[in-house]
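Residue numbers (the numbering used here): 3 to 325.
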Amino acid sequence: MSPMRVAVLVFDGASLFHLTVPGLVLGTSPASPGEPFYDVRYCAVTPGMVRTDTGLEVRVPDGLDALAKADMIIVPAWEDPEARAPEALTEALREAHSRGKLIVGLCLGAFVLGDAGLLDGRQATTHWVAREAFARRFPTANFRPDVLYVEDGNIVTSAGTVAAIDCCLNLVRERHGADVANRTARMLVTPPHRQGGQAQYIEKPVPQFPCESRLPGVLEWALEHLSEPLTVDTLADVAHMSRRTFTRRFRETTGTTLTKWLNAQRVSRAQQLLETTDLPVEHIVHEVGFGTPLSMRQQFAEQLGTSPSDYRRTFCNTRRASL
């Protein structure tokens, strides 16, 4: 299987973090020995030395002609939301889009896609601190200010900073399945899957002290008991909290509701079982706690746009092809 060719754009003031994320996530994706899933290259309007947002200069070997050879194009965070991207860059992106390339805007990189006219009528997001500027500059975009990442056709945009990792992991997940994405996340020592629809702003993403919250242990307990009918009251009892306190802390910690979190975890677990075992779908339904096959089909359709049976056919074949 030929690796997917990825072109990462570099420009003056580009986020060094976002420049490294695609190579880190996509380059870590486990494939057969010596056969990577992705071939990540870097390009610029003018090849040569380019200064990043940290002041560090990097040598960029390729020009915009690299976009024509790429299957996926990734635009890191743009330095100034009020500054238009150069015409040479936006024209190259429009040409790539017309040829069906997958184009990804990480964080403020969404502004570059907007300048190219690629977000008109499409769902898009960006860092929450720039949402007012984004809504003002691109009024024809279907702006989703509260999500981590969103895909609309062959256009993908992500929220700020670390959401770029979530976005790139989701690209791996969609193309190679949950098992590959989860193994990649484990190699990076990062959470395996945060849904794109999860809220951007989490007031307390990581408790500073163990005494601040017992939720990390509760989440682990819930993952070990997915086959059981879990409720707010059940987990509040495990956490030794009132229902109200647990609900508030759960939202602060995860950025979502218990029902949505459980559905996401159950789908993720079902994906792994569909990919890596020959268990009947009915058995997997019970194993992950969906209760009925209909419930699991509904969640697969809502979260993944496919059915469990179709998912197994697609990613079992992909997995075998990579072995």
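Idealized CB from N, CA, C, for every residue including glycine. These figures come from a predicted structure and were not determined experimentally.
- Between the region 178–192 and the region 221–240 there are fewer than three inter-stretch CB-CB distances shorter than 8 Å, so the stretches are not counted as touching.
- In this structure, V131 is the residue among A187, T142, E153 and V131 with its C-alpha nearest to the C-alpha of T163.
- The secondary-structure analysis by DSSP pairs C45 across a beta bridge with L11 and D64.
- Contact between V12 and C45 holds: their C-beta atoms lie close to 7 Å from each other, under 8 Å.
- The region 70–83 makes contact with the region 105–113: 3 or more CB pairs, one atom from each, lie closer than 8 Å.
- Scanning its chain for C-beta atoms nearer than 8 Å, with the 5 sequence neighbours on each side dropped, one finds around D14 the residues V52, R53 and E81, in chain order.
- Scanning its chain for C-beta atoms nearer than 6 Å, with the 5 sequence neighbours on each side dropped, one finds around A16 the residues T54 and P78, in chain order.
- With 16 or more other Cβ atoms inside 10 Å of its own Cβ, M243 counts as buried.
- L306 is a Cβ neighbour of V269, given a cutoff of 8 Å.
- Counting other Cβ atoms within 10 Å of its Cβ, E84 stays below 16 and is therefore classed as exposed.
- Distances from the CA of I157 to each of G65, R188 and G111 were compared; the closest alpha carbon is that of G111.
- Considering only P295, R314 and V149, the residue with the shortest C-alpha distance to G257 is V149.
- The beta carbons of L69 and A94 sit about 5 Å from each other, so the pair counts as a contact at 8 Å.
- The three-state reading of DSSP puts F140 in coil, since its state is none of H, G, I, E or B.
- About 4 Å separates the Cβ atoms of D117 and A87, confirming a contact at the 8 Å cut-off.
- Per DSSP, V164 is not a residue of any alpha helix (DSSP H), being assigned neither H nor E.
- Residue burial is scored here from C-beta neighbours: M298 has at least 16 other C-beta atoms within 10 angstroms and is therefore classed as buried.
- Taking all protein chains in view, the Cβ of K71 is surrounded by fewer than 16 other Cβ atoms within 10 Å, so the residue is classified as exposed.
- With a beta-carbon spacing of about 12 Å, R251 and V234 fall beyond the 8 Å limit used to define contacts.
- Shown here for R146: same chain residues with a beta carbon closer than 6 Å to its own, the five before and five after excluded, namely Q125, T127 and V152 in chain order.
- Non-local C-beta neighbours of H99 in its own chain, meaning closer than 8 Å and more than five positions away in sequence, comprise I105, A118, L120, N156 and I157, ordered along the chain.
- With respect to the C-alpha of V290, the residue from D280, R315, Q274 and E304 having the closest C-alpha is Q274.
- The bridge partners DSSP lists for D154 are I157.
- In the three-state scheme derived from DSSP, where H, G and I count as helix and E and B as strand, M189 is classed as helix.
- Residue environment for T159: buried (at least 16 other C-beta atoms within 10 angstroms of its C-beta).
- The beta-carbon separation of L58 and A90, rounded to 24 Å, does not stay under the 8 Å limit for a contact.
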